[in-house]
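In terms of our numbering, the sequence shown is numbered consecutively and its last residue is 429.
The beta-carbon is built from N, C-alpha and C at its ideal position, and this holds for glycine as well.
A quick write-up on the structure given underneath.
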Amino acid sequence: MKTLNNQDLAALSAQAACAPRLRAHHNIHSELDDVIQRLAIAMEPDTYVRPHRHPGSPELLIVLSGALDWIEFDAAGETVVARYRLGEGGVRVFEAPANTWHSVVSLEPGSVVFEVKRGPYQPIPATDLAEWSPAEGDARVAGMLAFLRRAQPGERFA
């Protein structure tokens with residue numbers, strides 16, 4: 272039996288707040304090669320989730336605490352086509368089809384999302400990262416985060 276309670280979520284959020292990437296995860300799946308990946312991800316507001324896609328799997332998100340925005344890009348992965356508020360005041364369960372270019376922005380401290388997608392776990396290959404977006408650690412990340420926080424359909428990162 273595996274569980275997550277409010278104390279677990281608070282501890283995960285505290286771990287994320289101290290982590291260099293401002294993220295922490297708690298796997299429910301046992302192995303990285305499990306065919307279904309299930310995990311809670313705590314994300315603090317200044318974490319950067321580089322725009323990317325998952326070609327082989329839809330992505331199911333269930334917001335456990337806080338609030339996030341899901342930013343969806345067009346098929347080329349360049350222009351914002353939609354923005355969804357997840358969590359407080361928005362959608363609690365959200366599923367995106369496979370191959371959807373997207374990013375996520377944490378809006379509140381203590382935001383935690385539960386993610387389910389097809390495994391096995393593999394790092395995102397360069398072909399599934401938006402080539403126009405800065406890599407983590409790049410000096411342009413602050414500008415990209417500012418863009419992601421305000422981006423509306425029809426806009427592109429300059």
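Residue i to residue j, Cα distance in whole Å?
i      : j      : result
Gln393 : Leu303 : 8 Å
Glu407 : Asn276 : 31 Å
Arg292 : Asp305 : 25 Å
Pro329 : Gly337 : 23 Å
Glu359 : Cys289 : 24 Å
Ala367 : Pro396 : 19 Å
Ala429 : Ala311 : 32 Å
Arg389 : Pro316 : 26 Å
Under 8 Å between the Cβ atoms of residue i and residue j?
i      : j      : result
Leu419 : Val384 : no
Ala369 : Pro326 : yes
Ser382 : Arg321 : no
Leu283 : Ala313 : yes
Asp279 : His300 : no
Met415 : Tyr355 : no
Asp409 : Arg324 : no
Thr371 : Glu402 : no
Arg411 : Glu349 : no
Taking residue i and residue j to be in contact with their CB atoms under 8 Å, please state how far apart those CB atoms are, rounded to whole angstroms.
i      : j      : result
Leu378 : Asp340 : 6 Å
Val387 : Gln308 : 7 Å
According to DSSP, residue i sits in a beta bridge with which residue or residues?
i      : result
Asn298 : Leu310
Glu407 : In DSSP, Glu407 forms no bridge with anything.
Asp340 : Arg356 and Val376
Are any of the Cβ atoms in chain C nearer than 8 Å to that of residue i?
i      : result
Tyr355 : Absent from the structure: chain C. Only one protein chain is present.
> What residue ranges within the region 300-329 form continuous beta strand (DSSP E) runs of no fewer than 3 residues, ordered along the chain?
Replying inline: 307-314
> Which residue spans inside the region 351-382 form an unbroken beta strand (DSSP E) run of at least 3?
Replying inline: 351-358, 364-367 and 373-377
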